[in-house]
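Here's the structure, in structure tokens; my notes come after.
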Amino acid sequence: QVQLVESGGGSVQPGGSLRLSCAASGINFGIGDMNWYRQAPGKERELVAGITSSGGSTNYADSVKGRFTISRDNYKNTVYLQMNSLKPEDTAMYYCNAAYGRKWYWGKGTLVTVSS
245 QVQLVESGGG
255 SVQPGGSLRL
265 SCAASGINFG
275 IGDMNWYRQA
285 PGKERELVAG
295 ITSSGGSTNY
305 ADSVKGRFTI
315 SRDNYKNTVY
325 LQMNSLKPED
335 TAMYYCNAAY
345 GRKWYWGKGT
355 LVTVSS
């Protein structure tokens, strides 16, 4: 059974940094594209960043370009999100998802709070 588990969330002051991780288990062959989404209270879930299976191509929401970096380690079946220069508006639950086989899988999320 495929599971995605996010970690690395927490509380940080504006301008600070966090590194999120999402580890996949139950994997028997290569994972496809992986993404980070976020959902703030009262708002819809939005795509933050995505990365292709090889890691050769990435994409970002305009609101995080230049501040966030997505990467992956296919040996560890893990995707990362390095978040720098955090702003209060980055406060949200962050979720990863991954394409595996013919399905998309979701983690349960990790909470990021940016506040002074």
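Take the sequence shown: its letters are residues 245 to 360, numbered as in the working numbering. The beta carbon of each residue, even a glycine, is placed where N, CA and C say it ideally should be. Just so it is clear, the structure is predicted and the values come from calculations on it, not from any experiment.
Q.
For G276, report the span of its beta strand (DSSP E) as first-last.
A. On the sequence shown, residue 276 is found 32 positions in, with the first residue counted as 1. Where G276 is concerned, there is no enclosing beta strand (DSSP E), given that its DSSP letter is neither H nor E.
Q: For my contact list, G351 and L248 are in at a C-beta cut-off of 8 Å; report their separation, rounded to the angstrom.
A: By 1-based counting over the sequence shown, the position of residue 351 is 107. By 1-based counting over the sequence shown, the position of residue 248 is 4. The Cβ separation is near 4 Å, so the contact holds.
Q.
Within a Cβ cutoff of 6 Å, which residues of the same chain sit near L355, ignoring the five residues on either side of it in sequence?
A. For the purposes of this step, residue 355 is taken as residue 111 along the sequence shown, with counting starting at 1. So the list reads G253, M337, once near-sequence residues are dropped.
(Q) DSSP three-state label for D334, please. (A) As a working mapping, residue 334 is identified with position 90 in the sequence shown. Note: D334 maps to helix in three-state DSSP.
**Q.** Pick from I295, S251, D334 that is closest to S315, judged by C-alpha positions
**A.** Indexing the sequence shown from 1 puts residue 315 at position 71. Minimum Cα distance to S315 is reached at I295.
**Q.** Endpoints, the beta strand (DSSP E) within which G254 is located
**A.** Taking the sequence shown and counting its residues from 1, the one referred to as residue 254 is at position 10. Residues 254 to 256.
Q. Should W348 go down as buried or exposed, given a rule of 16 or more other Cβ atoms within 10 Å for buried?
A. Counted from its first residue, the sequence shown places residue 348 at position 104. Exposed: under 16 other Cβ atoms inside 10 Å.
**Q.** Boundaries (first-last residue) of the beta strand (DSSP E) holding E250
**A.** In the sequence shown, the residue the question calls residue 250 occupies position 6. Per DSSP, E250 belongs to the beta strand (DSSP E) from 247 to 251.
(Q) Among S307, F273, S251, whose alpha-carbon lies nearest the alpha-carbon of Q245? (A) Sequence index remark: in the sequence shown, residue 245 carries index 1 (1-based). Cα-wise, what sits closest to Q245 is F273.
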